[in-house]
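Asks: First the structure, which I've put down as structure tokens, then a few questions once you've had a look.
Protein chains: 2
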Amino acid sequence: MMRPGRKNATRGFIVPIGGAENRVQNPVILRRFVKVCGGARAHIAVIPTASSLDDIGDRYESVFSGLGAGRITILPFKSRADCESPKYLEVLDRVDGVFMTGGDQVRLAEMLIDTSAAQRLCGRNMHGMHIAGTSAGASAMSSAMIASGTSGATPRAGMVDLAMGLGLVSRFVIDQHFSQRDRLGRLLTAVASIPFGAGIGLDEDTAAFIGPDDTLEVVGSGSVTIIDGSNLRNSPADLTRHGEPVGLTGVRLHILTEGNLYNLGNHTLLHSGLAAKSHGTVGSNAAALT
Amino acid sequence: MMRPGRKNATRGFIVPIGGAENRVQNPVILRRFVKVCGGARAHIAVIPTASSLDDIGDRYESVFSGLGAGRITILPFKSRADCESPKYLEVLDRVDGVFMTGGDQVRLAEMLIDTSAAQRLCGRNMHGMHIAGTSAGASAMSSAMIASGTSGATPRAGMVDLAMGLGLVSRFVIDQHFSQRDRLGRLLTAVASIPFGAGIGLDEDTAAFIGPDDTLEVVGSGSVTIIDGSNLRNSPADLTRHGEPVGLTGVRLHILTEGNLYNLGNHTLLHSGLAAKSHGTVGSNAAALT
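Protein chains in written order, with the numbering used here: chain A, 23 to 312; chain B, 23 to 312.
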């Protein structure tokens with residue numbers, strides 16, 4: 023586990039969570055995050071800024087405390103001035119991990135972007151601080167953030183609005199409540215708009231633990247959908263009218279479940295219970311339909 | 023255009039349609055089918071067997087007549103004995119094209135499979151007779167037919183029931199009302215169960231005109247989703263509990279719109295308005311997230 027201040031800086035874990043993670047009966051994701059941060063030695067900061075609920079920070083403080091985290095500090099950023107406050111920034115300089123709650127990712131991003139707090143988040147993560155975010159807190163991690171969109175499996179022109187996120191992750195667009203809210207189409211549409219972009223769609227109660235080596239491990243009860251757009255071709259946006267399907271080819275799609283390991287750098291599956299369908303070679307062109 | 027009786031037999035077109043095709047204002051799909059069959063010279067048989075509506079055959083007779091087809095014959099197979107009736111089989115020996123209506127694909131398949139009528143359909147199609155089917159009539163074309171299933175974008179164990187179809191197309195599972203009824207998950211689940219399988223998901227008012235050379239052309243207002251499972255790996259079925267997500271990797275996904283041409287034999291896009299996202303080379307592993 024990486025600690026800040028090491029000479030050879032190693033990035034901390036980045037842990038987007040698809041929302042609605044189990045906090046009581048079987049909190050595998052949050053327990054794992056506490057462990058990654060150092061368990062009883064861990065100091066975790068909670069950023070409740072995305073949420074409109076006044077007590078969301080206290081609730082997570084209680085959960086993390088119950089999971090054995092050594093110390094929890096709430097950072098109640100309610101203005102951009104708060105994001106420059108030395109007392110908060112000093113916390114960010116010290117903590118082992120940061121947790122961003124759900125709520126509204128636009129609110130979270132607009133409050134933090136280009137502030138000293140956001141710079142600390144990215145800078146300290148580059149040097150070993152771990153950062154998790156659920157729902158809106160997951161969406162806000164990427165550079166190109168899904169601000170809003172419509173549901174449906176088919177990508178359609180205009181179905182997603184992108185905005186600037188915190189930039190912990192670039193080239194990967196993150197979406198949450200993924201299968202529950204039928205968001206494949208909007209994630210495909212977002213990926214198609216980003217050169218060599220890729221997408222990570224997280225089901226509820228499901229997390230991607232992305233390690234320093236860009237290996238993603240799935241934790242939780244749902245699945246993680248990876249959209250590898252590195253060979254994607256799509257129809258020119260100016261030829262597609264609003265609401266019409268966006269033609270695209272060459273997308274590689276992976277649906278990963280708990281325990282699967284996937285390298286986001288070269289888009290390869292490292293380990294899983296996945297079995298190859300090995301039934302000889304693919305038929306010739308002429309035999310394709312017969 | 024291929025005609026029956028040629029010495030060098032060439033397969034006729036196979037035209038699955040996603041249901042709810044426009045029949046009145048802008049019947050591009052049905053007009054194209056009439057044209058493929060020979061226009062004013064075309065003799066088209068309508069098989070209304072999937073439907074529980076008594077007048078569905080008459081309705082299509084009227085539509086095809088209005089589109090200029092030379093002659094239309096309804097083949098009202100209501101029993102397996104009907105499917106052995108010489109007067110009906112003689113029609114199948116003569117027609118240029120057959121159209122199968124929507125309704126219930128299980129009803130259609132159970133009535134026809136292993137009858138002389140079904141043998142005629144496949145045999146004559148191999149020698150140039152064209153065959154189209156909408157909704158249930160499209161589903162029934164494949165060997166492994168989706169009999170029923172649940173909606174959702176994520177593949178889940180047990181979400182699809184397969185049954186035997188007419189076998190005009192093998193290795194390709196066909197699904198319809200695709201984005202309208204959110205059927206990506208069930209098609210992925212079906213494809214994952216078939217060695218080197220592939221899937222064709224048809225939106226409403228959208229058809230795949232599959233030519234003798236296995237080139238698929240999209241016609242209509244929606245999109246055609248191709249799932250190329252030739253490199254698919256999936257989680258062992260015995261490790262996945264009913265209703266849980268099926269892990270799978272290596273799926274290639276294509277969403278095609280009108281005018282796109284795609285070769286089903288070697289899974290390549292032949293022509294389209296699709297533009298490559300050409301923005302330099304893909305970043306290195308180390309730079310993947312930064």
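For each residue, glycine too, the CB sits at the ideal point set by N, CA and C.
1) If you reduce the DSSP assignment to three classes, tell me which class Thr211/B lands in.
2) Taking the CB atoms as reference points, tell me whether Arg196/B and Thr123/B lie closer together than 8 Å.
3) Starting from Val268/B, find everything on chain A with Cβ-Cβ shorter than 9 Å and list it in chain order.
4) With a Cβ-Cβ cutoff of 8 Å, do Phe194/A and Leu286/A count as a contact?
5) If the criterion is Cβ atoms closer than 8 Å, does the pair Ala169/B and Leu190/B meet it?
6) Sort out for me which residues DSSP pairs Asp197/A with in a bridge.
7) Could you spell out where the alpha helix (DSSP H) holding Pro234/B opens and where it closes?
8) Is it true that the stretch 67-77 of chain B meets the stretch 244-255 of chain B, where meeting means three or more beta-carbon pairs spaced less than 8 Å apart?
9) I'd like to check one pair, Gly244/A with Asp225/A: are the Cβ atoms closer than 8 Å?
10) Taking Thr211/A as the reference, give the member of Arg274/A, Ile153/A, Ala140/A and Ala179/A with the closest Cα.
11) Per DSSP, what kind of secondary structure is Pro98/B in: helix, strand or coil?
12) So, with DSSP's three-state summary, where would you put Ile51/A?
13) Is it right to say Pro98/A is buried, meaning 16 or more other beta carbons lie within 10 angstroms of its own, or is it exposed?
14) For Pro38/B, would you say it is in contact with chain A, using Cβ-to-Cβ distances shorter than 8 Å as the test?
15) Return the bridge partner residues of Ile78/A from the DSSP annotation.
16) Can you find the residues in the same chain that come closer than 8 Å, C-beta to C-beta, to Leu275/A, ignoring five residues on each side of it along the sequence?
17) Quick one: grab the DSSP three-state call for Gly61/B.
18) Find the residues of chain A that neighbour Ser161/B, judging by a C-beta separation of less than 7 Å, and give them in chain order.
19) Is DSSP giving Gly150/A helix, strand or coil here?
20) At a Cβ threshold of 8 Å, is Asn48/B touching chain C?
21) Let me confirm a value: Gln127/A is counted as buried when at least 16 other C-beta atoms fall within 10 Å, else exposed. Which label applies?
22) Can you pull the DSSP bridge partners for Phe121/B?
23) Using a threshold of 8 Å, state whether the C-beta atoms of Leu270/B and Ile277/A are closer than that.
24) Is any beta-carbon of chain B found at less than 8 Å from that of Gly34/A?
25) Give the interface partners of Ala175/A over in chain B, defined as CB-CB distance under 7 Å, in chain order.
26) For the stretch 149-164 of chain B and the stretch 31-47 of chain B, state whether three or more C-beta atom pairs, one from each stretch, are separated by less than 8 Å.
27) Taking the beta strand (DSSP E) that Leu270/B belongs to, which residues open and close that run?
28) According to DSSP, what are the bridge partners of Leu184/A?
29) For chain A, is any of its Cβ atoms less than 8 Å away from the one on Ser257/B?
30) Answer with yes or no whether the minimum CB distance from Leu209/B to chain A is below 8 Å.
31) Where do the ends of the alpha helix (DSSP H) carrying Pro108/B lie?
32) Starting from Thr137/A, follow its DSSP beta bridges and name the residues at the other end.
33) Do you know offhand how far Arg142/B's Cα is from Val273/B's?
34) Does DSSP put Leu296/B in a helix, in a strand, or in coil?
35) Less than 8 Å between CB atoms is the rule here; does Thr172/A satisfy it with respect to chain B?
36) If I measure Cβ to Cβ from Ala31/B and keep anything under 8 Å in the same chain, skipping five residues before and after, which residues do I get?
Replies: Let me lay it out:
1) Helix.
2) The sequence as given places Ile at residue 196/B; Arg does not occur at that position. It is not a contact, given that the beta carbons lie outside the stated cut-off.
3) Ser245, Ile277 and Thr279
4) yes
5) no
6) Gly223/A
7) Here Pro234/B belongs to no alpha helix (DSSP H), and DSSP marks it neither H nor E.
8) no
9) yes
10) With respect to the C-alpha of Thr211/A, the residue from Arg274/A, Ile153/A, Ala140/A and Ala179/A having the closest C-alpha is Ala179/A.
11) Coil, per DSSP.
12) helix
13) exposed
14) no
15) According to DSSP, which records beta bridges pairwise, Ile78/A is partnered with nothing at all.
16) Thr247, Ile248, Ile249 and Asp250
17) helix
18) The premise fails here: Ser161/B is roughly 16 Å from chain A at the closest Cβ pair, so nothing lies under 7 Å.
19) coil
20) Absence of chain C from the displayed structure is noted, the protein chains being A and B.
21) buried
22) Val68/B and Ala154/B
23) yes
24) no
25) Ala175, Ser201, Asp204 and Leu206
26) yes
27) Leu270 to Leu278
28) Ile168/A
29) yes
30) no
31) Counting along the chain, the alpha helix (DSSP H) containing Pro108/B begins and ends at Pro108 to Arg116.
32) Per DSSP, none; premise fails for Thr137/A.
33) 35 Å
34) Of the three classes helix, strand and coil, the one that applies to Leu296/B here is coil, per DSSP.
35) no
36) Met148, His149 and Gly150
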